[in-house]
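Before any comments, here is the structure.
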Amino acid sequence: MKKYLLLFSVLFVLSACNSGNNDSKDSTTKSTAAATEKTSTSTSKKNSSTSRSSTNSDTASNSKTQTSSSKTNSSHGNHAMSAMEELQANYPNDKFPDPATISGGKQIGIKASEEQGTLTVNYYVVNEDTPFNDPALDGQTSVAQFQRKSFDSKETAQNEVGQTYDPNGQQVDLGHSITGYRNAGAGSSFITWKEGNWSLAVRANNLEQEDPVPLAKQTVEYLEGAFLPVPHDAGQISLRVAPGDYQSNSVVWQNNQTVYTIMNADSMSSLKMAVSMAK
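The UniProt record's numbering applies: residue 1 is where the sequence shown begins, and numbers increase by one.
Here it is, written out as structure tokens:
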């Protein structure tokens, strides 16, 4: 009997130990699982935060890139050359009249060509920006023209200027101590005078009862405060009282073997174009 009691006691103790070990194992397993879940949750949150940060950074970077591209595109048009700038770029060694003097500040289109030593620049009144040498200007009427022509000698160039001056006519006081001489012929009357190496002439149509004196006096008054290019050696200004085509008024002067010619439909505009080239 004692043997059975002893055996029962031993079995009871072993059972208790096994139960304790299982509880310990379950506790350890639960603890490990909880820790793993916590670590996984923390890692997930960290990755989510990192992802959001990366997305926000990419969005900001893309936004900056788009802004920079927009600025580049918007400023690109500002570098487009005007017709006058392109004319000057094509003929960097030449000087040209100020476009603002050509037609009372109206917008100007420009065409130019050079053949056999003669550069010809035609100006047109336009309603919008027009590219240099735009075919749309073909067939339109020029309001003004500039020409630069080279000759073999100074003498030939001087003869090309074609000075007109006749001091034998009726004297007319033009102001500023300048005397003009009035002559008539072929239905027209003329007043001619000289200022330095320049000869000047104003023509009026007698059939239209035009008077050359007012325009002659206006010219003298204007040139009292404005300066023309210096001719080497001859210059000629020919003006008409009545407006006409671009060939009606001309300013021609010599610079050694080169002759410059400005023509404009308006008399005072032709003078202003020439004065702008002396600046």
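Built from N, CA and C at the ideal position, the CB exists for glycine as well.
For residue i, tell me which candidate among the options has the shortest Cα-Cα distance.
| i | options | result |
| --- | --- | --- |
| Glu208 | Ala242, Ala100, Gly185 and Gly180 | Ala242 |
| Ala226 | Ser270, Ala201, Asp134 and Thr261 | Ser270 |
| Asp233 | Trp253, Leu239 and Asp94 | Trp253 |
| Asp94 | Gly104, Gly117 and Asp173 | Gly117 |
| Pro212 | Val161, Ser267 and Leu223 | Ser267 |
| Gln107 | Phe146, Ala89 and Ala83 | Ala83 |
| Ser238 | Asn255, Gly104 and Leu215 | Leu215 |
| Ala100 | Met273, Ala278 and Lys279 | Met273 |
| residue 308 | Ile262, Gly244, Thr156 and Thr130 | Past the boundaries of the shown model lies residue 308; the chain is included only from 1 to 279, so the question cannot be answered. |
| Asn255 | Glu128, Gln88, Ala186 and Thr156 | Thr156 |
Among the residues of its own chain, which have a CB less than 6 Å from the CB of residue i, if the five just before and after it don't count?
| i | result |
| --- | --- |
| Asn133 | Lys111 |
| Leu137 | Gly109, Lys111 and Tyr124 |
| Ala144 | Ile102, Tyr123, Tyr246 and Asn264 |
| Ser44 | Because Ser44 sits at a pLDDT of 41, beneath the cut-off of 50, its placement in the model cannot be relied upon, and the following sentence gives the value as read from the coordinates. Excluding positions up to five away in sequence, the list is empty. |
| Ser276 | Pro97, Asp98 and Thr101 |
| Glu86 | Phe132 |
Please look up how many angstroms separate the CB atoms of residue i and residue j, rounded, as I've assumed it's under 8 Å.
| i | j | result |
| --- | --- | --- |
| Gly169 | Asn159 | Gly169 to Asn159, Cβ: 24 Å. No contact. |
| Ser197 | Gly139 | The question names Ser, yet the displayed sequence has Asn at residue 197. With a Cβ gap of about 39 Å, Asn197 and Gly139 do not count as contacting. |
| Val121 | Phe96 | 7 Å |
| Tyr260 | Arg148 | 6 Å |
| Ser188 | Gln257 | At roughly 33 Å, the Cβ-Cβ gap does not stay under 8 Å, so Ser188 and Gln257 are not in contact. |
| Phe210 | Ala201 | First, the amino acid is wrong: residue 210 is Glu here, not Phe. Not really, about 14 Å apart at Cβ, beyond 8 Å. |
Going by DSSP, what residues sit across from residue i in a beta bridge?
| i | result |
| --- | --- |
| Lys149 | Thr118 and Val259 |
| Gly185 | Ser188 |
| Val252 | Gln236 and Thr261 |
| Ser113 | Thr120 |
| Lys194 | Ser199 |
| Val125 | Ile108 |
| Gly180 | Val172 |
| Ala100 | Looking at the DSSP assignment, Ala100 forms no beta bridge with any residue, so it has no partner. |
Return the first residue and the last residue of the alpha helix (DSSP H) that residue i is part of.
| i | result |
| --- | --- |
| residue 281 | Here the chain covers residues 1 to 279 and nothing more, so residue 281 does not appear. |
| Gln236 | It is not in any alpha helix (DSSP H) - Gln236 instead sits in the beta strand (DSSP E) that spans Gly235 to Arg240. |
| Val275 | Ser267 to Ser276 |
| Leu87 | Ala83 to Asn90 |
Residues in the same chain with beta-carbon distance under 8 Å from residue i, minus the five sequence neighbours each way, listed in chain order, please.
| i | result |
| --- | --- |
| Ile178 | Trp193, Glu195 and Val220 |
| Asp166 | Tyr181, Asn183, Phe190 and Thr192 |
| Ser153 | Gln257 |
| Phe12 | With a pLDDT of 40 at Phe12, under the threshold of 50, the modelled position of this residue cannot be trusted; read the value that follows with caution. No residues qualify anywhere along the chain. |
Give every residue of the same chain whose Cβ lies closer than 7 Å to the Cβ of residue i, excluding the five residues on either side of it in the sequence, and list them in chain order.
| i | result |
| --- | --- |
| Gln163 | Ser199, Ala234 and Gln236 |
| Ser113 | Thr120 |
| Lys217 | Leu174 and Gly175 |
| Cys142 | It is Ser, not Cys, that sits at residue 142 in the sequence shown. So the list reads Asn122, Tyr123, Tyr124 and Tyr246, once near-sequence residues are dropped. |
Terminal residues of the continuous beta strand (DSSP E) containing residue i?
| i | result |
| --- | --- |
| Asn205 | Trp198 to Asn205 |
| Gln163 | Gln163 -> no beta strand (DSSP E), and no H or E assigned at all. |
| Val230 | Run containing Val230: none; DSSP gives neither H nor E here. |
| Leu174 | Gln170 to Gly175 |
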